[in-house]
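Reading through the structure tokens given below for one structure.
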Amino acid sequence: MFSDDQPFILPLMCASGKCIILECVYDVFWKYAILYIFLGTLQCILVPVAGAMAFDVEYARWLEEQNRQINELRAAVNSHAGDTELRIIIDGIMAHYDEIFRLKSNAAKADVFHLLSGMWKTPAERCFLWLGGFRSSELLKLLVNQLEPLTEQQLVGITNLQQSSQQAEDALSQGMEALQQSLAETLSSGSLGSSGTSGNVANYMGQMAMAMGKLGTLEGFIRQADNLRQQTLQQMHRILTTRQSARALLAIHDYFSRLRALSSLWLARPRE
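Under the UniProt record's numbering, the sequence shown is numbered contiguously, ending at residue 272.
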């Protein structure tokens, strides 16, 4: 019997006489670690799903409003409205673009992978997706031929804008490649042994914490890419005349609208 003033020692002895209390502690530690990981994973699933669904709803509303604004702009252009009227409509469309970048910034905080994967876009749009959106440099290439005639100064401005956009895109792409390589090295730097000792669990948790920290930089890449897209649209608007800006906005909308239509046709195609 153990007296009240003596510490209680659990009499767990293996056949060889070695105390297995430490092994029991390891088992308990491992079970709690698994529970911690499970609960954390569950939270990581439920929170992003709610954020992604909310963003999809907001994006659908944004797209509906953009269609209305573009129809208004197209009608104004076709009726040969004055520059003042066109400018008011164009300013509204530019402000609406600012809104989608704000929505995406908030969505990235909830689920950056949803934006990167492009699941909020149609399949055809996803083929051309770069860091959660369009490539500014490619869009400028498509617009140049549709904006002619351009003055020499405008052509130089558009060319410089296209080149600077390309350089910024290359830098971000290289940053993403470096992140992917670093993340792969972190995840492959060690493995959880089958014994489930506390040392292995601690290493695993440390490994996951380091990987999570690196994944946190993805939001920064999305934000920088969207800032580039936003600045490109704004600078293009400053380079062009009011009527050229109207034509550019119509061309941009029509391009993405056709991509969405192409997706619908592709999904509805006959299958043998």
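Heads up, the beta-carbon is just placed ideally off N, CA and C, and yes, glycines get one too. In this text, all values refer to a predicted model and were calculated from it rather than measured experimentally.
Among the options, nearest to residue i - alpha-carbon criterion
i: Leu103; options: Pro123, Gly133, Ala81; result: Gly133
i: Pro149; options: Ala268, Leu265, Ser245; result: Ser245
i: Ser189; options: Ala50, Asn203, Trp266, Gln235; result: Asn203
i: Lys141; options: Thr242, Met236, Pro270; result: Met236
i: Arg61; options: Ile89, Trp120, Leu86; result: Trp120
i: Gln69; options: Gln146, Asn78, His96, Tyr59; result: His96
i: Gly220; options: Glu272, Ala108, Leu129; result: Ala108
i: Leu155; options: Glu85, Ala76, Thr241, Ser79; result: Thr241
Sequence-distant residues of the same chain with beta carbon closer than 6 Å to residue i, five excluded per side
i: Leu22; result: Residue placement at Leu22 is flagged as unreliable, the pLDDT there being 49, under the threshold of 50; a coordinate-derived value is accordingly withheld.
i: Glu152; result: none
Per-residue burial, residue i [other beta carbons within 10 Å of its own, 16 or more giving buried]
i: Leu169; result: A small correction: the amino acid at residue 169 is Glu; Leu does not occupy that position in the sequence shown. So Glu169 ends up on the buried side.
i: Tyr88; result: First, the amino acid is wrong: residue 88 is Ile here, not Tyr. Ile88 should be labelled exposed.
Separation of residue j from residue i, as counted between CA atoms
i: Met208; j: Thr186; result: 9 Å
i: Ser263; j: Gly82; result: 36 Å
i: Val112; j: Gly157; result: 33 Å
i: Gln180; j: Leu172; result: 12 Å
i: Asn227; j: Asp98; result: 10 Å
i: Gly206; j: Ala178; result: 21 Å
i: Leu183; j: Met176; result: 10 Å
i: Leu116; j: Ile90; result: 29 Å
i: Gln174; j: Phe128; result: 18 Å
Beta-carbon proximity list for residue i, same chain, < 7 Å, skipping 5 on both sides
i: Pro7; result: Residue placement at Pro7 cannot be trusted, given a pLDDT of 44 that sits under 50; what the coordinates show is reported in the next sentence. Excluding positions up to five away in sequence, the list is empty.
i: Val144; result: Ile158
i: Met210; result: Thr186
Spatial neighbours of residue i in its chain, beta-carbon cut-off 8 Å, leaving aside the 5 residues before and after
i: Arg74; result: Leu250
i: Glu72; result: Ile89
Within-8 Å CB hit, residue i to chain B
i: Ser165; result: This model lacks chain B altogether, as it is built from one protein chain only.
Exercise. Touch check for the region 156 to 173 and the region 228 to 237: three-plus C-beta pairs under 8 Å?
Worked result: Pairwise C-beta distances place the region 156 to 173 in contact with the region 228 to 237, as three or more of them are shorter than 8 Å.
Problem set entry | Segment contact, 8 Å Cβ cut-off, at least three pairs: the region 47 to 65 with the region 97 to 111 | Yes, the region 47 to 65 touches the region 97 to 111.
Exercise. Is the region 210 to 227 touching the region 124 to 133 in the sense that three or more CB pairs, one from each, lie closer than 8 Å?
Worked result: Yes, they touch.
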